[in-house]
Amino acid sequence: MTETNFHQLLIFHSVARLGSFSKAANELSISQPAVSIQVRELETTLGAPLIHRLRRGLQLTDTGTAVFGYTQRIFALSEEMRSAVQDIQGLKAGRLTIGSSSTPGEYILPWAIGKFRRQYPGVEVSLAITNTQSIVERIVNHELDLGMAGATVNLQGLASFPYVEDEIVVIASPDHPLAKIDEVSLQDLDGEEFILREEGSATRSTAEECLKDGGITVKVNMELGSNEAVKRAVAAGLGLGIISKFAVEPDTLAGFLTVVDVKGWDCRRPLTVFHRNDRNLPPAQKAFLTFLQEQKPLPWDAS
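Heads up: the sequence shown at position 50 corresponds to 794 in this note's numbering, and the numbers run straight through without jumps.
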């Protein structure tokens, strides 16, 4: 059987719905003979008559009635599709998938996503927290729309921009001796026991670079796989920690942890947003990227 012509289905649907060749021709802005020709060609394609042509009007055959039932569903779905596309283009609907390393994924993106969805409640957003390499691979494979991490990403086909500066700080429990000193020197950190993130963590890499630049040798007492675990261990008095300031601000305000003021310690990194360098990004992705570029308050600012 020859493939069914969508345009012929549309013409037949109009004829069947209006009960008239002339009314269908008027609705579709084509001639009545053109309508008749297209309906006959559809009948030839399907191998069965669809319409009994009467002196006054027309009548659908059993096959025509069945086909009309299908065209009703086809064009209802077509209108539903058109409406869905309009909703997506107008950000009344859509889906956004984001990958993030732990620091932005735990302390920045939940705030940003919440504020974005208050503006666009119809857009569904999912967040996956994983390592930078996995984020990059999944973006390239179209499994994620965009990512945020504390590592710089240089890969052909990806575009990136720095979102916000992340300050890496030394933390201690309020009872730690260094927490009671107004100004701690870099040398005071020498030989102290530290609790750090695991090897491969961007926070760990940045911290080690800063320690090396300061000529500081530390004893790594414990390696932990999350920011929260580092904070809890430090609060328990198991050693000093080095972690993102974004992660500890609420804890310092509550008095559970102290940021140690170390003279000469200035450890910072950009948290970078990256995405496929496509010319035509989906509307939800484009809107979220614009949102990030325009709004960069601190994550604990609930305004």
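Cβ atoms here follow ideal geometry from the backbone N, Cα and C, with glycine treated the same way.
| query | Would you call the region 981 to 997 and the region 963 to 971 touching, i.e. three or more CB-CB distances under 8 Å? | reply | yes
| request: Using the Cα positions of THR807 and ILE832, report the straight-line distance between them to the nearest angstrom. | output: Reading the sequence shown from its first residue, position 63 is the one you call residue 807. Reading the sequence shown from its first residue, position 88 is the one you call residue 832. Cα-Cα distance, rounded: 37 Å.
| In the structure shown, what three-state DSSP assignment does GLU909 receive? | For the purposes of this step, residue 909 is taken as residue 165 along the sequence shown, with counting starting at 1. Of the three classes helix, strand and coil, the one that applies to GLU909 here is strand, per DSSP.
| Looking at VAL1017 and LEU890, is the spacing between their C-beta atoms short of 9 Å? | For the purposes of this step, residue 890 is identified with residue 146 of the sequence shown, where counting begins at 1. For the purposes of this step, residue 1017 is identified with residue 273 of the sequence shown, where counting begins at 1. Their beta carbons are under 9 Å apart, which means LEU890 touches VAL1017 by this criterion.
| Can you tell me whether LEU1001 is buried or exposed, with buried defined as 16 or more other CB within 10 angstroms of its CB? | For the purposes of this step, residue 1001 is taken as the residue at position 257 of the sequence shown. LEU1001 is buried by the Cβ-count criterion.
| field | ALA1028 versus TYR907 - alpha carbon distance | value | Within the sequence shown, residue 1028 is the residue found at index 284, counting from 1. Within the sequence shown, residue 907 is the residue found at index 163, counting from 1. If you take the alpha carbons of ALA1028 and TYR907, they lie about 18 Å apart.
| task | Write down every uninterrupted run of the beta strand (DSSP E) in the region 771 to 810 whose length is 3 residues or greater and which is fully enclosed by it, in chain order. | result | Along the length of the region 771 to 810, whole beta strand (DSSP E) runs at least 3 residues long occupy 795 to 797 and 802 to 804, reported in chain order.
| Collapsed DSSP secondary structure at ALA872 in the structure displayed | In the sequence shown, residue 872 corresponds to position 128, counting from 1. Of the three classes helix, strand and coil, the one that applies to ALA872 here is strand, per DSSP.
| message | Measuring straight from C-alpha to C-alpha, what distance separates PHE1035 and LYS859? | response | Within the sequence shown, numbered from 1, the residue matching residue 1035 stands at position 291. Within the sequence shown, numbered from 1, the residue matching residue 859 stands at position 115. Computed Cα separation, rounded: 9 Å.
| request: Using beta-carbon positions only, say whether LEU754 and THR805 come within less than 9 Å of one another. | output: The residue given as residue 754 occupies position 10 in the sequence shown. The residue given as residue 805 occupies position 61 in the sequence shown. No, these two residues do not count as a Cβ contact at 9 Å.
| query | Which one of SER758, PRO918, GLN830 and ARG797 has the shortest CA to CA distance from ALA977? | reply | In the sequence shown, the residue the question calls residue 977 occupies position 233. For ALA977, the nearest C-alpha among the options comes from PRO918.
| If we ignore side chains and look at the alpha-carbon of each, how far apart do ALA991 and VAL974 end up? | Translated into positions along the sequence shown, residue 991 becomes position 247. Translated into positions along the sequence shown, residue 974 becomes position 230. ALA991 and VAL974: Cα-Cα distance of roughly 10 Å.
| Delimiting residues of the alpha helix (DSSP H) encompassing VAL974 | Here residue 974 refers to the residue found at position 230 when the sequence shown is read from its first residue. Element bounds for VAL974: 971 to 979.
| request: Give the secondary structure of HIS757 by DSSP, where H, G and I count as helix, E and B as strand, and everything else as coil. | output: Within the sequence shown, numbered from 1, the residue matching residue 757 stands at position 13. DSSP places HIS757 in helix when its eight states are reduced to three.
| LEU888 versus ARG1020 - alpha carbon distance | To locate residue 888, count along the sequence shown from 1; it is residue 144. To locate residue 1020, count along the sequence shown from 1; it is residue 276. Rounded to whole angstroms, LEU888 to ARG1020 spans 9 Å at the Cα level.
| DSSP state of PRO1014, grouped into three classes? | Locating residue 1014 in the sequence shown gives position 270, where the first residue counts as 1. Note: PRO1014 maps to strand in three-state DSSP.
| query | Mind checking whether LEU790 and GLY763 have CB atoms under 9 Å apart? | reply | The residue labelled residue 790 in the question sits at position 46 within the sequence shown. The residue labelled residue 763 in the question sits at position 19 within the sequence shown. Contact flag unset, no.
| What number of angstroms, rounded off, separates the C-alpha of GLN782 from the C-alpha of SER775? | Here the question's residue 782 lines up with position 38 in the sequence shown. Here the question's residue 775 lines up with position 31 in the sequence shown. Roughly 11 Å separates the two Cα atoms.
| query | So SER988 is in the beta strand (DSSP E); what residue range does that whole segment cover? | reply | The residue labelled residue 988 in the question sits at position 244 within the sequence shown. Counting along the chain, the beta strand (DSSP E) containing SER988 begins and ends at 984 to 988.
| query | Taking Cβ to Cβ, would you say LEU930 is nearer than 9 Å to LYS1007? | reply | Translated into positions along the sequence shown, residue 930 becomes position 186. Translated into positions along the sequence shown, residue 1007 becomes position 263. Yes; because the gap between Cβ atoms is below 9 Å, this pair is in contact.
| ARG862 classed as buried or exposed, judged by whether at least 16 other C-beta atoms fall within 10 angstroms | Residue 862 sits at position 118 when you count from the first residue of the sequence shown. Exposed.
| task | On a CA-only basis, which of PRO793, SER773 and GLU993 is nearest ILE915? Give me that one, please. | result | Translated into the one-based positions of the sequence shown, residue 915 becomes position 171. For ILE915, the nearest C-alpha among the options comes from GLU993.
| field | Span of the alpha helix (DSSP H) around SER844 | value | On the sequence shown, position 100 is the one that residue 844 refers to. Not the alpha helix (DSSP H): SER844 falls in the beta strand (DSSP E), residues 838 to 844.
| task | Measure from the alpha carbon of VAL913 to the alpha carbon of each residue in PRO865, ASN898, GLU967 and ASP1005, then state which is nearest. | result | Mapped onto the sequence shown, residue 913 falls at position 169. The shortest C-alpha separation from VAL913 is found at ASP1005.
| request: Count the CB pairs spanning the region 822 to 831 and the region 869 to 877 that are closer than 8 Å, and state whether there are at least three. | output: With a cut-off of 8 Å, the region 869 to 877 and the region 822 to 831 do not count as touching, because too few Cβ pairs lie within range.
| query | If you drop the 5 nearest sequence neighbours on each side, which residues of the same chain put their C-beta closer than 8 Å to that of ALA979? | reply | In the sequence shown, counting from the first residue as 1, residue 979 sits at position 235. The residues are SER917, ASP995, PHE1000 and LEU1001.
| query | Hey, quick one: how far does the alpha helix (DSSP H) through LEU968 stretch, first residue to last? | reply | Sequence index remark: in the sequence shown, residue 968 carries index 224 (1-based). Careful: LEU968 lies outside any alpha helix (DSSP H), inside the beta strand (DSSP E) at 963 to 968.
| said: Please state the DSSP three-state secondary structure of PHE938. | reply: As a first step, residue 938 is located in the sequence shown; it is residue number 194 there, counting from the start. Of the three classes helix, strand and coil, the one that applies to PHE938 here is strand, per DSSP.
| request: Buried or exposed for ILE852, please, with buried defined as at least 16 other CB atoms from any protein chain shown within 10 angstroms of its CB. | output: Reading the sequence shown from its first residue, position 108 is the one you call residue 852. ILE852 comes out buried.
| So LEU1025 is in the beta strand (DSSP E); what residue range does that whole segment cover? | If you number the sequence shown from 1, residue 1025 lands on position 281. Looking at the DSSP string, LEU1025 is not in any beta strand (DSSP E), and its letter there is neither H nor E.
| Spatial distance of ALA769 from THR788 (CA atoms) | For the purposes of this step, residue 769 is identified with residue 25 of the sequence shown, where counting begins at 1. For the purposes of this step, residue 788 is identified with residue 44 of the sequence shown, where counting begins at 1. Going by the C-alpha atoms only, they are around 20 Å apart.
| task | Buried or exposed for PHE905, please, with buried defined as at least 16 other CB atoms from any protein chain shown within 10 angstroms of its CB. | result | Working through the sequence shown from its first residue, we reach residue 905 at position 161. Result: exposed.
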